[in-house]
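Heads up: take any position in the sequence shown, counting from 1, add 4, and you land on my numbering.
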Amino acid sequence: MAGDYPTFFGDDEALIEEMSSVNIRAVTALAPTDKEIDGEYPHLHNVSYLVLQGARDADITDFRGDRQFYRTTFGQYEDGFKAALYIGDANHAQFNTSWGRLDQSLPRGLFLNQQETMVPEAQRQIAKVYVSAFMERIFHGEMVYDKLFQDYRHGRDWLPDTALISQHQHAYYRPLVQFDRGKMIDLNVEGFANWEVTTPEDRKEKALPADALKLEWRDKAAYTIDLSQNVLETAAHEPAKYITLTMANVDAADDGGRLPDIDVELETVDGLSVRRSLDEFGPIPPVIKTDFTHFGLFDSMFRDGKYSPAWEPIFQTIDLPLEAFTQADPAFDPTEIASFTLHFHAPSGKILLQEVGVW
5 MAGDYPTFFG DDEALIEEMS SVNIRAVTAL APTDKEIDGE YPHLHNVSYL VLQGARDADI
65 TDFRGDRQFY RTTFGQYEDG FKAALYIGDA NHAQFNTSWG RLDQSLPRGL FLNQQETMVP
125 EAQRQIAKVY VSAFMERIFH GEMVYDKLFQ DYRHGRDWLP DTALISQHQH AYYRPLVQFD
185 RGKMIDLNVE GFANWEVTTP EDRKEKALPA DALKLEWRDK AAYTIDLSQN VLETAAHEPA
245 KYITLTMANV DAADDGGRLP DIDVELETVD GLSVRRSLDE FGPIPPVIKT DFTHFGLFDS
305 MFRDGKYSPA WEPIFQTIDL PLEAFTQADP AFDPTEIASF TLHFHAPSGK ILLQEVGVW
């Protein structure tokens with residue numbers, strides 16, 4: 005609320021005057037709620053934002069903090085950014101040292117599954133690494149930490165072993181392709197068993213902030229985006245260095261599904277194409293399932309069904325550096341890209357593609 009004080013305290017002239025001298029540049033949230041107050045939600049503008057959430061959070065059971073991610077915007081020439089991190093084996097209480105290990109009070113807490121929850125020190129180590137990197141990036145301009153938010157594997161020497169799914173967006177990011185369930189769409193798709201524009205939902209069956217294209221395949225398939233009419237410039241009108249995908253794996257088969265095997269192909273106007281594996285640039289996210297109670301036996305009974313279903317779509321950002329395609333073929337000109345194709349190879353799979361952009 006402090007980051008959007010005019011919305012909530014606009015009638016308090018003295019407070020508005022006092023707050024006008026306070027320069028809030030960043031907000032960090034650990035497993036937050038997302039409350040509507042007097043009919044309003046907070047919106048952050050030119051304020052960087054970082055949120056961390058655990059998949060085994062038995063208190064805040066859905067990823068509410070990422071809704072603020074979508075309500076964070078930047079001006080054309082700002083240098084902020086926003087990021088969200090979903091931690092596979094983290095819960096709610098262990099981000100601090102005083103709440104203990106249980107997300108519910110006794111005796112209900114005895115029914116919670118603790119076997120797969122990471123040890124408290126490991127959970128706080130992840131928070132320390134990401135919050136420190138965020139602060140160094142925002143307040144000291146240490147751009148080197150961008151790599152951690154692009155791909156957690158750059159920080160594997162500091163991070164405990166657990167599934168991590170991250171989303172980030174820089175102030176000068178510009179979307180190229182977004183999806184709207186209410187609009188007609190003409191897609192260049194081949195080999196998919198099913199595709200549709202849909203509104204993803206969280207565990208509570210509440211709509212997520214952005215629509216997405218659901219792609220389901222049982223054999224080889226491809227989706228091509230025509231970029232010939234797009235100038236690959238950032239929001240600051242500079243040549244783009246990255247093409248960015250925002251996607252979620254939603255293949256939640258009982259066997260855990262297979263991680264999608266996806267290639268990315270860029271083709272220029274003169275017909276030259278370069279193809280790379282998507283996994284080179286960022287890990288394709290798994291579906292993280294959670295049994296909140298022992299073996300999931302009581303998940304449907306606890307808290308009015310808030311522990312069921314066992315998962316929700318979590319989106320991952322993957323940046324494709326254009327220089328990587330030039331390195332693969334020096335004749336490739338990233339200023340002349342005509343099309344972008346995703347090739348799917350796994351025997352079967354299902355993803356949500358939320359948007360494609362550049363920065």
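All residues carry an ideal CB built from backbone N, CA and C; glycine is no exception.
Spatially closest choice to residue i from the options, by CA coordinates
i, options, result
"Asn253", "Lys218, Met5, Thr294 and Trp162", "Lys218"
"Ala240", "Tyr177, Ser25, Phe285 and Lys354", "Tyr177"
"Asp223", "Pro351, Asp230 and Arg68", "Pro351"
"Asp42", "Thr11, Lys187, Arg280 and Ser170", "Thr11"
"Thr203", "Phe196, Ala216, Gly195 and Glu209", "Ala216"
"Pro338", "Leu356, Pro289, Val362 and Thr101", "Val362"
"Glu359", "Pro213, Tyr311, Phe336 and Trp162", "Pro213"
"Tyr74", "Glu220, Gln171, Phe336 and Pro264", "Gln171"
"Leu180", "Glu40, Glu242, Thr248 and Asp83", "Thr248"
"Gln331", "Arg280, Ala314 and Glu340", "Arg280"
"Leu56", "Gly353, Arg71 and His47", "Arg71"
"Asp8", "Glu44, Ala328 and Val278", "Glu44"
"Asn192", "Thr101, Glu200 and Gly186", "Glu200"
Residue i - partner residues in DSSP beta bridges
i, result
"Thr371", "In the structure as shown, the chain starts at 5 and stops at 363, and residue 371 therefore has no counterpart that could be examined."
"Ala30", "Ser52"
"Trp221", "Phe196 and Gly353"
"Gln57", "Tyr90"
"Ile189", "The partner list for Ile189 (beta bridge, DSSP) is empty, contrary to what the question assumes."
"Ile341", "Thr272"
"His347", "Ala226 and Asp267"
"Ala216", "Thr202"
"Ile169", "Tyr90"
"Gly361", "Pro179 and Thr248"
"His47", "Answer is none; His47 lacks a bridge partner."
"His96", "Looking at the DSSP assignment, His96 forms no beta bridge with any residue, so it has no partner."
"Leu19", "Bridge partners of Leu19: none, in fact."
"His174", "Phe85"
"Asp280", "Note that residue 280 is Arg in the sequence shown, not Asp. Looking at the DSSP assignment, Arg280 forms a beta bridge with Val268."
"Pro243", "Glu237"
"Leu116", "Thr297"
Cβ-based burial, residue i [other Cβ within 10 Å; buried from 16]
i, result
"Leu19", "exposed"
"Lys132", "exposed"
"Tyr81", "exposed"
"Ile189", "exposed"
"Asp258", "Low per-residue confidence applies at Asp258: pLDDT is 49, beneath 50, and the placement is therefore not dependable, though the value from the model is reported in the following sentence. With fewer than 16 other Cβ atoms within 10 Å, it is exposed."
"Gly79", "exposed"
Backbone secondary structure at residue i - three-state DSSP
i, result
"Arg105", "coil"
"Thr76", "strand"
"Ile130", "helix"
"Ala328", "helix"
"Ala211", "strand"
"Ile142", "helix"
"Leu152", "helix"
"Thr297", "strand"
Residue-chain proximity (residue i, chain D), Cβ-Cβ < 9 Å
i, result
"Glu269", "In the structure shown, chain D cannot be found, because there is only a single protein chain."
When you compare the stretch 138 to 158 with the stretch 271 to 278, are there three or more beta-carbon pairs, one atom per stretch, that lie closer than 8 Å?
no
Do the stretch 119 to 135 and the stretch 80 to 94 meet, that is, are 3 or more Cβ pairs less than 8 Å apart?
yes
Kindly confirm or deny that the stretch 342 to 361 and the stretch 227 to 242 touch, where touching means at least three C-beta pairs closer than 8 Å.
yes
I'd like to know if the stretch 13 to 33 and the stretch 47 to 54 are in contact, where contact means that at least 3 CB-CB pairs between them fall below 8 Å.
yes
Do the stretch 285 to 297 and the stretch 307 to 322 make contact, defined as three or more Cβ pairs closer than 8 Å?
yes
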